[in-house]
Amino acid sequence: MSEEPSLLLDTCAMIFIANDSKIDPQASQDISEAAYDGRLYLSPMSAWEIGIGVAKGRLNLPIAPLDFVERFIERMSAKLSAISPAILIASSNLPGSPHGDPMDRILISTARVLDMVLVTRDEPILRYGRNGHLRTLAC
Numbered sequence: 001m002s003e004e005p006s007l008l009l010d011t012c013a014m015i016f017i018a019n020d021s022k023i024d025p026q027a028s029q030d031i032s033e034a035a036y037d038g039r040l041y042l043s044p045m046s047a048w049e050i051g052i053g054v055a056k057g058r059l060n061l062p063i064a065p066l067d068f069v070e071r072f073i074e075r076m077s078a079k080l081s082a083i084s085p086a087i088l089i090a091s092s093n094l095p096g097s098p099h100g101d102p103m104d105r106i107l108i109s110t111a112r113v114l115d116m117v118l119v120t121r122d123e124p125i126l127r128y129g130r131n132g133h134l135r136t137l138a139c
C-alpha cells in the first residue's frame, strides 16, 4: 500500500476553507485526512497573496492578514511548504502551457518539485493537471 500524497492548498482553497464555504465533499474528506495525518501544506506565497489582496481592497478579512494565516495554519494543523531557489526557478520553466499568473506558477512548481497534489478551483490549473503536468484535486 502506497503512502498518501501531501496536499498543497492554493490561496483560494485556503480562503474557501477558512470561511467555511462549500467545497467538494470528496475534497473536503481528503483535506481533513491530510490535516489529521500531517500532510496538509500551505505555501508562504499564499500569505503574500492574502496580504496583497487586503492591501488592494480585493479581500476583506475580519482580522489582520497575518492573524488570519496563522489561525488557519493552527486550526487546520497545516504546515508551511518550502520555498527555495529550485522551486522559484522551476516556476519559470514549466512544461506545457501553464497558468500565466506568477503566484500560480510558483504554487504549481512547489507541488511539482515537492511531489504534492495541488488543491484548487482554478480551471486553468485543473486543466494543466488534466494535461498530465501536475496532480490536482478540485475543491
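If you count by the UniProt record's numbering, then the sequence shown holds residues 1 to 139, one letter each, in order.
We put the beta carbon where it would ideally sit given N, CA and C, even for glycine.
Proximity of residue i and residue j at Cβ, strictly below 7 Å
i	j	result
residue 117	residue 130	no
residue 8	residue 36	no
residue 61	residue 69	no
residue 99	residue 73	no
residue 103	residue 33	no
residue 27	residue 139	yes
residue 106	residue 45	yes
residue 13	residue 119	yes
CA-to-CA distance, residue j to residue i, given in whole angstroms
i	j	result
residue 108	residue 58	23 Å
residue 3	residue 113	18 Å
residue 144	residue 128	The question about residue 144 has no answer, for the chain in this structure spans 1 to 139.
residue 23	residue 16	7 Å
residue 78	residue 96	30 Å
residue 39	residue 76	11 Å
residue 84	residue 25	33 Å
Outcome for residue i when other beta-carbon atoms lying within 10 angstroms are tallied against a minimum of 16
i	result
residue 43	buried
residue 80	exposed
residue 92	exposed
residue 115	exposed
residue 20	exposed
residue 82	exposed
residue 64	exposed
Three-state secondary structure (DSSP) of residue i
i	result
residue 86	helix
residue 64	coil
residue 138	strand
residue 59	coil
residue 8	strand
residue 40	strand
residue 107	helix
residue 94	coil
residue 80	strand
For residue j and residue i, believed in contact at Cβ under 8 Å, the rounded distance
i	j	result
residue 137	residue 67	Wrong, their Cβ atoms sit about 27 Å apart, outside the cutoff.
Near the ligand GDP: residue i beta-carbon under 6 Å from a heavy atom
i	result
residue 113	Here there are no bound small molecules, and the ligand GDP is not part of this structure.
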